[in-house]
Each structure stands twice: as structure tokens, then as C-alpha cells.
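Counting with this note's numbering, you get residues 81 to 333 for the letters of the sequence shown. Where is the CB? At the ideal position from N, CA and C, for every residue including glycine.
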Amino acid sequence: MGIRIFLVCVMLTAWANAAELDTDSAQPNHKLEQYLPPHDPNVDQRELLYDAVQRPANTHKNNTYTYLRCYYPTGNRLKPTTNYVWALDPESNGYYRVRGYWWSSISSITGNMFYSDTTQVALNAVCEQTLRRRGLNPEVVMWTAANNRFSFNYSIWSIDSDDQSNRINKIIVLGDSLSDTMNMFNDSEWKLPNRESWYRGRFSNGPVWVEYLAKELKLPMYNWAVGGAGSDREESVIPGLTGQVLSWMEYMQ
Numbered sequence: 081m082g083i084r085i086f087l088v089c090v091m092l093t094a095w096a097n098a099a100e101l102d103t104d105s106a107q108p109n110h111k112l113e114q115y116l117p118p119h120d121p122n123v124d125q126r127e128l129l130y131d132a133v134q135r136p137a138n139t140h141k142n143n144t145y146t147y148l149r150c151y152y153p154t155g156n157r158l159k160p161t162t163n164y165v166w167a168l169d170p171e172s173n174g175y176y177r178v179r180g181y182w183w184s185s186i187s188s189i190t191g192n193m194f195y196s197d198t199t200q201v202a203l204n205a206v207c208e209q210t211l212r213r214r215g216l217n218p219e220v221v222m223w224t225a226a227n228n229r230f231s232f233n234y235s236i237w238s239i240d241s242d243d244q245s246n247r248i249n250k251i252i253v254l255g256d257s258l259s260d261t262m263n264m265f266n267d268s269e270w271k272l273p274n275r276e277s278w279y280r281g282r283f284s285n286g287p288v289w290v291e292y293l294a295k296e297l298k299l300p301m302y303n304w305a306v307g308g309a310g311s312d313r314e315e316s317v318i319p320g321l322t323g324q325v326l327s328w329m330e331y332m333q
């Protein structure tokens, strides 16, 4: 796929004010997140497993779909809590489906990504409409791909159209906790940064600086930064700068 990007790399440590616990309580589970309910992503574990017996698990192959989580703020800067709702289809009363395919056929703690022809602008618009329909704060914190309520949060990569210009059309972010928006959160199975202390997946009491940059430039942002990352000369399970670049290149193949 053709790619023209604005690369952002910052290796600093950031600390911010505390936040309260989020209201969404379902703990993500790699053994359950591969199952794709046909109608409702919010089914409980019993119904999800029953449906899994009737239908094979989603293999993440080409020409599939996933559901869309829309995160929104529920507090303020002193208590920056968040929650999410499942996106609704603007043309029906059903849940919105993002069409596309998964990078990997196996969900694991090493991560995954969903590729779609749907633009980031369209995904944001669907989330805004959903929040307004539900009478909630229409400010969208972020949107992620998820098969069911036990899924982790995964980025959605919007595939470039064939008629793209030569202008920069996206931001790729590398770095550590100053720039991380959910990678450490996923890697730690939603334990770090603690939801009782920080804004959803961020080491901050609100959006991190690269989110403000992306908003100002009106460009989609894809984030490989991981909280706690150091130089690649350090022995660590957390990928440093080179590891993040290699990961990005792997996802682009």
C-alpha cells in the first residue's frame, strides 16, 4: 500500500494528574476475543460461548468485519474518566460493522490491527452520531476495533485509495509514555496505566500531545509508542525505537 507519513518520535517520560475508575468493567480475554457475535458485540460470556459452539470462531481472514468501540469522556480534567459505547449503524438500528480484514489470524498479547477501506473521518463521524443518538457527550476520545466486549482495543488502519496525492496523509508515532495512547494498556491487559489513576490508556489526565498535533494538522494518527520504552541497547521486553520501527514495517507488509 502507498504510504506518505509524518513520523513522530519522542523518548521522554510524562506524568499527570490522577483519574477515577472507568465504568466499563468487562476484563479483556484473548481466549474470548476471537469470537464474532453475528448481531450484538455486547453479549455476555455464556451467550458468546454458546454462539461459538454453533458457529466457528472468527479466523480474521479477508473479507470479514468487526465492531467499533467509541470512547468518550465522562469526567473532567481533575477526574478524567472515560467510557465507551458500541457504534450504531446510521442507516439502521443495528450495530455498525467495519468491513475489512485483520493483520493476524491469531489474537495474542503481541497485538493486531484491522485494515479497512473506511476512512478515519468516517469512523469518527459514526462515533459522533452514535454518542448524540444516545444522548452522551459527543466528544470522541478514540475509536477502536473489537469483536466483542471481551476484546482488547485494536487500531483500524485506513487503506489509502489509489488516487492519493503526494502530500503527507498520516502520522506514525514512535516513543514512550509521553506519546503512548493504548499500547502499554493493551500489553499489560488493561492494568497499566491504572484506570483509577490515568486517562484511558494514556499516562496523562487527557489527550497526549501527538493527539493535539494530529487534530491541528487534520491527519489520522497511528501509534507504535509504548510506555516505558527505552533505547534498544537496553535489555527489555518493551520494544525500543528500533523495535517499534520494525513492528511498523511488519504491519505494512
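When C-beta atoms of the stretch 242-256 are compared with those of the stretch 212-232, fewer than three pairs fall below 8 Å, so the two segments do not count as touching. Inclusion of THR162 and TYR152 in the CB contact set at 8 Å is warranted, their separation being smaller than that value. Setting aside the 5 residues that flank it on each side, MET262 is surrounded in the same chain by ASN233 and GLY281, each with a C-beta closer than 7 Å to its C-beta; the list follows chain order.
Boundaries for MET329: no beta strand (DSSP E) harbours it, while the alpha helix (DSSP H) harbouring it runs 321-332, taken from the DSSP string.
Annotated three-state conformation of MET193 is coil, per DSSP.
Straight through space, the alpha carbons of MET332 and GLY180 are spaced by roughly 15 Å. Around the beta carbon of MET264, a 10 Å sphere encloses 16 or more other beta carbons of the protein chains shown; the residue is thus reported as buried. Taking the Cβ atoms as the reference, LEU299 lies roughly 5 Å from ILE251, within the contact range of under 8 Å.
Rounded to the nearest angstrom, the Cβ distance from GLN200 to SER238 is 5 Å, consistent with a contact under 8 Å. Looking at the DSSP output, ASN163 shares a beta bridge with TYR152.
Selection LEU297, GLU219 and LEU211 evaluated against ASN156 yields GLU219 as nearest (Cα-Cα).
For ARG212, the enclosing alpha helix (DSSP H) has its first and last residue at 200-213. DSSP places MET222 within a strand segment (E or B) once states are collapsed to three.
Rounded to whole angstroms, the separation of the alpha carbons of MET329 and GLN114 is 24 Å.
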